[in-house]
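Structure, as structure tokens:
Protein chains: 2
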Amino acid sequence: MVARKLLVDIHTHVYLPRYASVLRSRSSVPFIRTDASTQEERLLILDHEPSGGRPVGPQYWDREEKLKFMDKHGIDVSVVSSANPWLDFLPASQAHALAAELNTDLEEYCSTSPPLTSNDIQVKRLYGFGLLPLVPSISTTALLEIVNQISSLPHLKGLIMGTKGVGNGLDDPALDPIWGAIERAGLVVFLHPHYGVDAKAYGEQENGHVLPLALGFPFETTIAATRLILSGVFDRFPNLRLLLAHSGGALPVLSSRLASCIDHDPLVASRLKHDARFYLGKLYLDAVAYGPEELGFVSDTIARAARYEQGSSISIKEQLNRSVGSKRMLFGTDHPFFPPLSETEKWRSVIENLEAIDAVQGWTEVDRDGVRGRNAMELFNL
Amino acid sequence: MVARKLLVDIHTHVYLPRYASVLRSRSSVPFIRTDASTQEERLLILDHEPSGGRPVGPQYWDREEKLKFMDKHGIDVSVVSSANPWLDFLPASQAHALAAELNTDLEEYCSTSPPLTSNDIQVKRLYGFGLLPLVPSISTTALLEIVNQISSLPHLKGLIMGTKGVGNGLDDPALDPIWGAIERAGLVVFLHPHYGVDAKAYGEQENGHVLPLALGFPFETTIAATRLILSGVFDRFPNLRLLLAHSGGALPVLSSRLASCIDHDPLVASRLKHDARFYLGKLYLDAVAYGPEELGFVSDTIARAARYEQGSSISIKEQLNRSVGSKRMLFGTDHPFFPPLSETEKWRSVIENLEAIDAVQGWTEVDRDGVRGRNAMELFNL
């Protein structure tokens, strides 16, 4: 199988030209401003951005730059998603219209991308995650219409979303029809952070972006995924395919504590069919954790999920098979974020994630090939 | 060595009678109120406590109850600490006076405890972590005075603290003299959460205490420990012995992401002597994570620290020795929190942590004995 050796990037972002234009038209976050002295464009997506925002250029919107980055790093296929904060800042009608347009734009971005050469399978270099207009006051009808649009666009294989839902988070019962439609359409939901947690927690010392990016982002993902578990979404929609950014953040390492806290709360415990750790085995996780021990552990938390299915008799002393967990983990780069600080052959942030996959103890070469590409080809049915 | 087989609980709390009296005198959190109809006392330590607070009784303040709990679970020695929120809510002068009194109380609580029987070493059943009056406007002199008091009390082996410092967190440069004094005195700092993160992140669905306890507590510890690392405290005080509650929360699983984010921020990167992951090898972590995979992974993040020392040539592909990490991990129960919901022989929360230690793949029996007791006996020089 030639497909076994593909490198597929499932965590790679774009600000489509139409979206970048919207950002340029704004003067509060998120927006793009042009520095008066250098004429350089700068992107501000978070409140309190240090140093006047990060420099942005064609790597954020130009497809040729995405393909050049892919070629430089040996990436065969990318499943591209709009970067945060998506449409969160727009009123419902504008978000609805723009979602539809951006999904069409992304379909064209992908469908007109070159085919993969020197391979015997029929596949393009680019596929995409669409966008839903998940903003307050949007109607369920409008959301379902866009789910239908995405599932009708052949190069869109899922959709990316943040954690706000229609204003009350992803455990909002109002989203049940949306989860149902996404499940039926077989679309993959890529859950990605943007807001972090209250920045007051980071204190007054100057640490640049380090705390919100290193901790706040994964904390936000962890809270959102935990709220989904606690709300019973995975019991009601057992075939929902949810892909968590940044290897699920802190959810894997806090999942046994979570299970213990649930056990001690009869109201929550009685609501769920299984121990909380069971639901981690239903997730897909990117392999964007920058270290081999993290990836191995995350893989273990997937592999052990069967132990926590209601009625299971698997002992916690039974040796886990890490290979089981690897099948739900997928390589990603977070491009175009985390660019190198100086001109280099390859991006350190990419190399670290590839080296981490290569160094996980207990994964076979077949497992590593799966994480690097085969799992994505199967998940997205490419 | 008989000492190898001791079970030592280093995460076990008390509200000393003097402290409980203070809580009874108050009417806003933290406080203890008496339910008018049942005459039962209830404790409210967090804002928005569900169900009118948790029932409290002698297990929170009566030493006999602590010893009974220890006997029931085969715990030989406990290193007891005041429970959160300590003195955080008091004005400086009152916090200063009460810290001194509570430290004397705790010394007596420990020094008059029974000796360990059927053992050939001279050791009491109870030792303690003292309290510093870490509140806004406290003078450095007052804090140093209490550090000296604690180090003069023979049964107090360290001190417990929250994450607020004197109002600006633990990365506040004003605390450097305190870290220096603690380091010189050889006291162990037990870092414990209380505040969590902004509860708005948890949404509107009813999930009881689950989100703040399962996620908020470890997030707070993670942020505080990360801020300490970023501030260079471990470079300036290399012999400081810091014990993190709840196995370090999310710090282990986010430490490679943290290192990557630091690499991309020259200001922060240039401030530190080592890769962020090096500093995890300087920490002590309780083994209160409720699952064997968590403990094994946390152990790995300690074991790999040497790889991340500046100038190290250890490859990430080199097999780790989990035993190395086990030496800095210590059994704990979190008693009297997480009591069983119904009358049982033993507490499930305790059993889960013991079973987790027993089931970690790759730890030897000697490692497990270390985590259960020997590491604590050595760390606290008992």
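Line by line, the protein sequences give chains G and C. full-length UniProt numbering numbers the first residue of the first sequence as 1 and each following residue consecutively. full-length UniProt numbering numbers the first residue of the second sequence as 1 and each following residue consecutively. Think of the CB as a built atom: it goes at the ideal place given N, C-alpha and C, for glycine as much as any other residue.
- Residue-level contact check: C/Val56 does not touch chain G, since none of the beta carbons of chain G fall below 8 Å from its beta carbon.
- Nearest C-alpha to C/Glu183 among C/Leu6, C/Ala199, C/Leu240 and C/Ile314: C/Leu240.
- Contact between the stretch 74-87 of chain G and the stretch 5-16 of chain G is present: three or more C-beta pairs spanning the two stretches fall below 8 Å.
- With a beta-carbon spacing of about 7 Å, C/Arg348 and G/Asp263 fall inside the 8 Å limit used to define contacts.
- C/Val135 sits close to C/Leu90, with the two beta carbons spaced by under 8 Å.
- When the beta-carbon positions are compared, C/Gly325 and C/Leu283 stay at least 8 Å from each other.
- Here DSSP, grouped into helix, strand and coil, assigns G/Glu309 to coil.
- Using a Cβ distance threshold of 8 Å, C/Pro252 and C/Leu228 do not count as a contacting pair.
- C/Tyr290 reaches chain G at Ser256, Arg257, Ala259 and Ser260, counting residues in chain order whose Cβ is nearer than 8 Å.
- Counting only residues of its own chain and dropping the five nearest sequence neighbours on each side, G/Gln59 has a CB closer than 8 Å to the CB of Glu65, Lys66, Phe69, His335, Pro336 and Pro339.
- Take G/Lys273, set aside five residues on each side of it, and the residues of its chain with a beta-carbon closer than 7 Å to its own are Asp235 and Gln310, in chain order.
- A Cβ-Cβ contact shorter than 8 Å links G/Gly362 with G/Gly296.
- Just measuring C-alpha positions, the residue of G/Ala185, G/Ala181 and G/Ala214 sitting nearest G/Val197 is G/Ala214.
- Taking a 10 Å sphere around the C-beta of G/Gly57, we find fewer than 16 other C-beta atoms and assign the residue as exposed.
- Listed in chain order, the beta strand (DSSP E) elements of length 3 or more contained wholly in the stretch 127-180 of chain G are 156-161.
- In the structure shown, G/Tyr290 adopts coil according to DSSP, grouped into three states.
- Taking a Cβ-Cβ cut-off of 7 Å, the neighbours of G/Leu213 in chain C comprise Cys261, given in sequence order.
- Counting along the chain, no alpha helix (DSSP H) covers G/Val14; the unbroken beta strand (DSSP E) around it starts and ends at Val8 to Val14.
- Residue contact check for C/Val197 against chain G: a CB pair falls below 8 Å.
- Here C/Thr222 is near C/Leu254, since their CB atoms are less than 8 Å apart.
- Secondary structure note for C/Arg348: its alpha helix (DSSP H) is the uninterrupted segment Arg348 to Ala359.
- Closer than 8 Å to the CB of C/Leu267 there is at least one CB belonging to chain G.
- Under the three-state reduction of DSSP output, C/Val22 falls in the helix class.
- The beta carbon of C/Ile316 falls within 8 Å of a beta carbon belonging to chain G, placing the residue at that interface.
- Secondary structure of C/His194 (DSSP, three-state): coil.
- Residue pairing by DSSP places G/Met70 in no beta bridge whatsoever.
- Taking 8 Å as the cut-off, the Cβ atoms of C/Leu159 and C/Gly180 do not count as close.
- C-alpha of G/Arg26 to C-alpha of C/Ala20: approximately 55 Å in a straight line.
- G/Arg24 counts as exposed, since fewer than 16 other C-beta atoms from the protein chains shown sit within 10 angstroms of its C-beta.
- Chain order gives the chain C residues near G/Ile223 as Ala201, Tyr202, Leu211 and Leu215, where near means a beta carbon separation below 8 Å.
- Boundaries of the beta strand (DSSP E) around G/Phe31: Phe31 to Thr34.
- Residues of the stretch 162-176 of chain G that bring their beta carbon within less than 7 Å of a beta carbon in chain C comprise Asn168, Gly169 and Asp171, in sequence order.
- Non-local beta-carbon contacts of C/Thr140 in its own chain, meaning distances under 6 Å to residues more than five positions away in sequence, involve Pro177 in chain order.
- Spatial neighbours of C/Val8 in its own chain (CB-CB distance under 6 Å, excluding positions within 5 residues in sequence) are listed in chain order as Val77, Gly373 and Ala376.
- Taking C-beta atoms as the reference points, C/Ala245 and G/Ser256 fail to come closer than 8 Å.
- Following the DSSP letters along the chain, one finds C/Glu41 inside the beta strand (DSSP E) bounded by residues Glu41 to Leu44.
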